[in-house]
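Encoded as structure tokens, the structure appears first; notes follow it.
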Amino acid sequence: LSASNNKLEGGLPPEISHLSSLSTLRLRNNSLGGTLPSSFNLLSSLTTLDLSWNRNDGNVGITGPLLEFAELSALTRLDLSHNSFSGPIPDFFLARIDIFTGLTEVYASSCGMRGEFPSAILQLSSLERLDISFNECHGTLPSNIGSSLQSMQLLALHHNSFSGSLPSSLGEMRSLHFLQLQANQFVGAIPAAISDMTGLITLNLSDQKSKGGGLTGSLPGFSAMPDLKVLDLSNNYLHSEIPSNFLAMTNINNVDSLDVSSNEIRGENDFHTIPLEVFEVITLQQLFMGTNSFASAIPTSVGNLKQLQLFSCSSSSLSSSIPSEI
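Each residue of the sequence shown is one higher than the one before, counting from 1 in UniProt numbering.
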């Protein structure tokens, strides 16, 4: 049953649960409201449940508490994004690990979800994509999150209030392509094990200090990530010089956006304390290094970046003239 992208209004009819053989229910991008009928837990043949994007055009979307979805044994994809659920995450949300053997995708961004990271999710070893961004989740991440979810390809927890240190087990997520943890309250050093995430395409750890957190310590190296395209570490308290193995260009040839702005990264003698290899990444389109403590001149090798569209080194301590190569 697919009725997405219409102008449906009103509540979800509990009679849908009578469709015992229903495998797909897509009602995204409508103006539905009311609470989720508890009888939806009876749809044991359902593989796809998509109720997303019903909060639009002034409509608050689906409200009330989240269901545990404890009996949807065939479920592979769940999307509750952009609604207005209330109350905490149920204690047993997706907790029937004996039946959720095929669940690969869970999307619940901007849906009013609140509470700590649902620990039952760690038992979903087949899970590949998890997005609970733009919610009111808090607390620390489980220390074994990486070792438990090694099939994960997308982990989006950004724009919440998660705190504490980043678990070193994240490095065990070698299938992960997108790690988006920006706009939380994480503190402490970036674990060295993060460099083991060799499949990453996007790594965003930015903007932890806006809510009172802030990553500290030295920058790790990212030379073992051959597919990395976007690296954003901005708006933290990272310090020291950028290490020589920060981006080893023999291994990284695809980076198009690099942002280390608004940290406490320092240079000593001149701007060349940034490894010159950075200016050999000919794919770079965006380079942000402002609001740090770099000194002296911008190297002439910046002219190597033929695809560069945005370059910012504002509010630093640079001197000398702008290279003609720019």
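No residue lacks a Cβ here, since even glycine has one placed at the ideal position from N, Cα and C. These numbers come from a predicted model, not from an experiment.
- Fully enclosed beta strand (DSSP E) runs of no fewer than 3 residues occupy 105-107, 114-116, 129-131, 136-140, 154-156 of the segment 99-162, in order along the chain.
- Setting aside the 5 residues that flank it on each side, S2 is surrounded in the same chain by R26, each with a C-beta closer than 6 angstroms to its C-beta; the list follows chain order.
- Under the rule that a run must span 4 or more residues, no alpha helix (DSSP H) segment is found entirely inside the segment 161-202.
- Taking a 10 Å sphere around the C-beta of E15, we find fewer than 16 other C-beta atoms and assign the residue as exposed.
- Proximity to S301 across F288, F279, E241, S312 peaks at F279, based on C-alpha coordinates.
- In this chain, F93 is not harboured by any beta strand (DSSP E), its DSSP state being neither H nor E.
- Under the three-state reduction of DSSP, F222 is assigned to coil, being neither helix nor strand.
- Assigned with DSSP and collapsed to three states, E277 falls in helix.
- Among the bridge pairs identified by DSSP, T24 is matched with T48.
- Short of 6 angstroms from the beta carbon of E116, and not among the five residues preceding or following it, lie these beta carbons of its own chain, in chain order: G139.
- Going by DSSP, Q286 is part of the beta strand (DSSP E) stretching over 286-288.
- The beta carbon of D57 sits closer than 7 angstroms to those of S31, all from its chain and outside the five residues before and after it, given in chain order.
- Using a C-beta cut-off of 8 angstroms, the segment 206-215 makes no contact with the segment 168-178, since fewer than three inter-stretch Cβ pairs fall below that distance.
- A Cβ-Cβ contact shorter than 7 angstroms links G112 with S86.
- With fewer than 16 other beta carbons inside 10 angstroms of its own, L310 counts as exposed.
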